[in-house]
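Working notes, structure below.
Protein chains: 2
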Amino acid sequence: MIKLIDPWGSTLIDDYNKLITDFHLEVFDAKLFPKPNRIMRRGVVFSGIDLKVIADSIKKKKPFYVLSGIVPSGKKIHFGNKMVVEMISYFQQQGAETYILVADLEAEAARGIPLEEGRKRALEFHIPAYIALGLDLKKTTFYFQSDNIAVMHAGYKYSKKVTEAQFKALYGSAAPSKIYSALTQVGDILFPQFEKRMPGVIPVGVDQCPHILLTRDIANKMRKEKFFAPSATFHKYTPALSGNFKMSKSMPESMIELPEDPKSMCKKIKRALTGGRDTVDEQKRIGGEPEKCMIFELYKQHLIEDDKKLKDIYERCKAGTLLCGEDKENACKKMTEFMNNLEKGIRQARKNIDKLRFVK
Amino acid sequence: MIKLIDPWGSTLIDDYNKLITDFHLEVFDAKLFPKPNRIMRRGVVFSGIDLKVIADSIKKKKPFYVLSGIVPSGKKIHFGNKMVVEMISYFQQQGAETYILVADLEAEAARGIPLEEGRKRALEFHIPAYIALGLDLKKTTFYFQSDNIAVMHAGYKYSKKVTEAQFKALYGSAAPSKIYSALTQVGDILFPQFEKRMPGVIPVGVDQCPHILLTRDIANKMRKEKFFAPSATFHKYTPALSGNFKMSKSMPESMIELPEDPKSMCKKIKRALTGGRDTVDEQKRIGGEPEKCMIFELYKQHLIEDDKKLKDIYERCKAGTLLCGEDKENACKKMTEFMNNLEKGIRQARKNIDKLRFVK
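Just so you know, the sequences run in chain order A and B.
Using the working numbering, the letters of the first sequence map in sequence onto residues 9 to 368.
Using the working numbering, the letters of the second sequence map in sequence onto residues 9 to 368.
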């Protein structure tokens with residue numbers, strides 16, 4: 009079995025190795041791609057499916073697409089969304105045709121948000137936030153699920169290609185709502201190919217893996233259609249500040265939402281789990297453990313772009329010269345700057361919302 | 009337990025009593041309705057759900073609707089469709105708003121018929137056949153499932169209201185294709201109420217009972233929507249000429265399709281199961297058994313409008329004065345006349361196809 013190697017030796021790595029084993033995933037190889045971005049270089053994007061065809065498309069300048077969906081439920085996004093946008097942005101720069109769909113049907117069925125309200129939220133918040141995080145709107149085609157009759161037709165058609173047992177194996181459930189939601193997503197993922205067959209890559213958190221596997225299976229079963237089975241990148245979760253595997257709304261004290269008020273956020277950061285020792289003296293003497301530190305994870309995943317600077321922090325922590333108090337102050341400053349920029353970016357992007365290109 | 013009484017004592021009645029027990033259905037009471045039609049009067053419509061609200065709407069001239077779907081798969085219909093049209097026609101005459109949908113999504117997913125082909129078949133054959141059988145197109149609103157985005161939205165939304173276990177109990181299956189098909193049908197059945205809440209009646213063969221029960225359940229669960237749970241009439245099958253419970257394509261020799269070439273049809277009629285005795289002498293002496301005769305079933309369900317004439321045939325058979333050979337000749341003549349009129353009616357109706365009122 010191939011195992012992940014985390015260049016920074018994060019103690020969370022075991023969980024990802026387990027995911028790779030459980031889902032039979034491939035280990036992500038950043039060397040496949042030109043100029044990999046921060047999360048690709050650092051093993052935050054840790055796995056993928058069928059990425060050679062995407063790397064080839066980039067190399068040979070052949071058409072390919074990147075696609076993602078926005079569920080316009082709350083009025084916040086999270087670090088997982090941020091990483092999705094960073095991957096979309098990366099592929100956009102490498103020439104991908106880009107599709108963003110607003111999953112308003114999903115938001116209505118699963119969260120009771122009326123279609124009109126979902127549409128409003130997407131236009132006022134989610135899409136501007138994506139643009140603020142780096143989505144190039146000029147290169148992006150948008151649609152609302154509820155407008156896309158071709159996707160709805162597709163879901164109905166694909167229902168004939170899957171069994172109840174398959175749903176149970178993939179999702180642990182064959183509930184009717186799960187079936188509708190999943191088959192509509194399969195339609196979404198294949199939609200860019202309805203007019204033109206081409207490879208596509210879907211950047212997702214690893215919890216979305218079943219959707220990718222289902223879509224690949226259906227794409228392969230629709231022989232006459234000659235679809236490309238979609239590729240995917242999987243990124244890790246941003247761990248909870250308490251050290252848990254992932255941030256969760258059920259534990260708001262160890263979760264940072266986007267955007268979040270800097271004051272409350274800094275308070276949370278100050279209570280975060282670090283790799284610090286029992287006493288300052290001990291830490292100065294034997295050094296800290298950045299691989300156990302949630303602040304360091306935030307740096308690695310989100311706050312520090314420059315690999316050298318990240319390495320420097322790692323080494324200063326190890327050497328016992330950078331202590332947790334100072335480190336948390338720095339993290340708070342960087343995160344505050346990030347949040348302020350995000351808020352500003354969202355306000356700015358809202359002004360351009362009439363420039364979005366929507367298809368039906 | 010209430011049992012059906014068949015005024016003509018058909019030996020097939022036991023199977024329907026079993027259906028009534030199994031599905032907890034109500035026995036149909038023709039006296040609820042003004043001027044009941046042939047199949048209502050004769051117990052061919054043998055059961056229903058919640059029909060008082062429809063009878064009341066008729067009596068008080070309040071709005072209600074009748075709805076049915078056409079699956080444009082083959083290029084033939086059958087006696088079941090004919091009975092549906094007769095019930096629609098009855099309710100139209102009693103003031104019902106009428107909706108006919110073409111289930112082209114169903115035909116595509118279940119039978120592999122491309123949407124364009126399904127549309128073509130519906131316009132060239134199925135809708136003209138319905139008109140020929142008595143559908144008043146001036147009082148009818150049509151739509152294609154694939155055009156009706158509101159129905160597709162509804163199916164998605166309703167998926168949250170049902171469980172896998174419920175599907176298994178109702179259909180014996182929770183296959184994804186079954187779920188899509190059924191929830192789209194629920195959307196269809198409730199569609200006339202999207203704009204205006206009103207009672208509705210769905211005339212169906214008893215095999216469609218699960219759809220009615222599912223729709224009623226969902227309508228009741230969507231409390232905020234204040235839908236009327238739909239009513240239904242259930243008619244018996246036209247039995248196979250061999251005496252089987254229903255005609256089936258798997259036994260073409262004992263099935264009559266609509267339309268069918270009179271020559272082949274008369275050949276089948278001549279081989280039909282009757283209530284005749286072993287010898288002509290015996291039959292003259294002790295009389296035939298019309299309650300076991302498939303020709304008599306055809307008269308009762310389809311070929312003889314006048315109750316007195318039907319009674320006369322019944323009695324002459326019983327008395328041994330009407331023998332099977334003569335009877336089959338008569339049936340063949342009547343059926344030939346019916347088929348010729350149907351073909352003529354279809355040709356005529358095709359000319360009016362541009363007068364159909366379609367909604368999206």
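Glycine included, C-beta positions come from ideal geometry on N, C-alpha and C.
Cβ of residue i within 8 angstroms of any chain B Cβ
i	result
residue 179 of chain A	no
residue 234 of chain A	no
residue 151 of chain A	no
residue 80 of chain A	no
residue 128 of chain A	no
residue 38 of chain A	no
residue 115 of chain A	no
residue 272 of chain A	no
residue 187 of chain A	yes
residue 52 of chain A	no
residue 65 of chain A	no
residue 257 of chain A	no
residue 229 of chain A	no
With 16 other Cβ atoms within 10 Å as the buried cut-off, status of residue i
i	result
residue 294 of chain A	exposed
residue 119 of chain B	exposed
residue 263 of chain A	buried
residue 168 of chain B	buried
residue 253 of chain B	exposed
residue 134 of chain A	buried
residue 80 of chain B	buried
residue 287 of chain B	exposed
residue 360 of chain B	exposed
residue 22 of chain A	exposed
residue 86 of chain A	buried
residue 180 of chain A	exposed
residue 162 of chain A	buried
Minimum C-alpha distance to residue i - residue among the options
i	options	result
residue 364 of chain B	B:163, B:271, B:138, B:229	B:138
residue 99 of chain A	A:87, A:64, A:78, A:81	A:64
residue 149 of chain A	A:80, A:28, A:109	A:109
residue 306 of chain A	A:198, A:230, A:248, A:77	A:248
residue 101 of chain B	B:367, B:283, B:341, B:73	B:73
residue 51 of chain A	A:241, A:97, A:347	A:241
residue 289 of chain A	A:259, A:243, A:330, A:163	A:330
residue 67 of chain B	B:85, B:43, B:349, B:162	B:43
residue 198 of chain B	B:34, B:228, B:304	B:228
residue 325 of chain B	B:292, B:190, B:311, B:344	B:292
residue 312 of chain A	A:46, A:24, A:16, A:34	A:46
residue 268 of chain B	B:296, B:352, B:179	B:352
residue 282 of chain A	A:336, A:84, A:105, A:163	A:336
residue 195 of chain B	B:172, B:107, B:297	B:107
residue 35 of chain A	A:16, A:19, A:18, A:59	A:59
residue 83 of chain B	B:95, B:75, B:54, B:127	B:127
CB contact below 8 angstroms: residue i versus chain A
i	result
residue 238 of chain B	no
residue 223 of chain B	no
residue 157 of chain B	yes
residue 184 of chain B	yes
residue 160 of chain B	yes
residue 175 of chain B	yes
residue 367 of chain B	no
residue 110 of chain B	no
residue 198 of chain B	no
residue 172 of chain B	yes
residue 154 of chain B	yes
residue 98 of chain B	no
residue 24 of chain B	no
Residue(s) in a DSSP beta bridge with residue i
i	result
residue 76 of chain B	B:108
residue 266 of chain B	B:85
residue 34 of chain A	A:56
residue 213 of chain A	A:243
residue 279 of chain A	For residue 279 of chain A, which the question treats as bridged, DSSP gives no partner whatsoever.
residue 285 of chain B	The partner list for residue 285 of chain B (beta bridge, DSSP) is empty, contrary to what the question assumes.
residue 366 of chain A	A:150
Any C-beta of chain E under 8 angstroms from that of residue i
i	result
residue 168 of chain B	Protein chains in the displayed structure are A and B, and chain E is not among them.
Distance cut-off 7 angstroms: residue i Cβ against heavy atoms of the ligand GDP
i	result
residue 93 of chain B	This structure simply doesn't include the ligand GDP, nor any ligand for that matter.
Runs of 4 residues minimum, wholly inside the segment 179-209 of chain A: which ones carry the alpha helix (DSSP H) assignment? 184-198, 200-203
Residue ranges of each beta strand (DSSP E) within the segment 228-259 of chain B, 3 or longer: You should have 239-243.
Which ranges does the beta strand (DSSP E) cover as unbroken runs of at least 3 residues, wholly within the segment 87-157 of chain A, from first to last along the chain? Here the runs fully enclosed are 105-110, 148-152.
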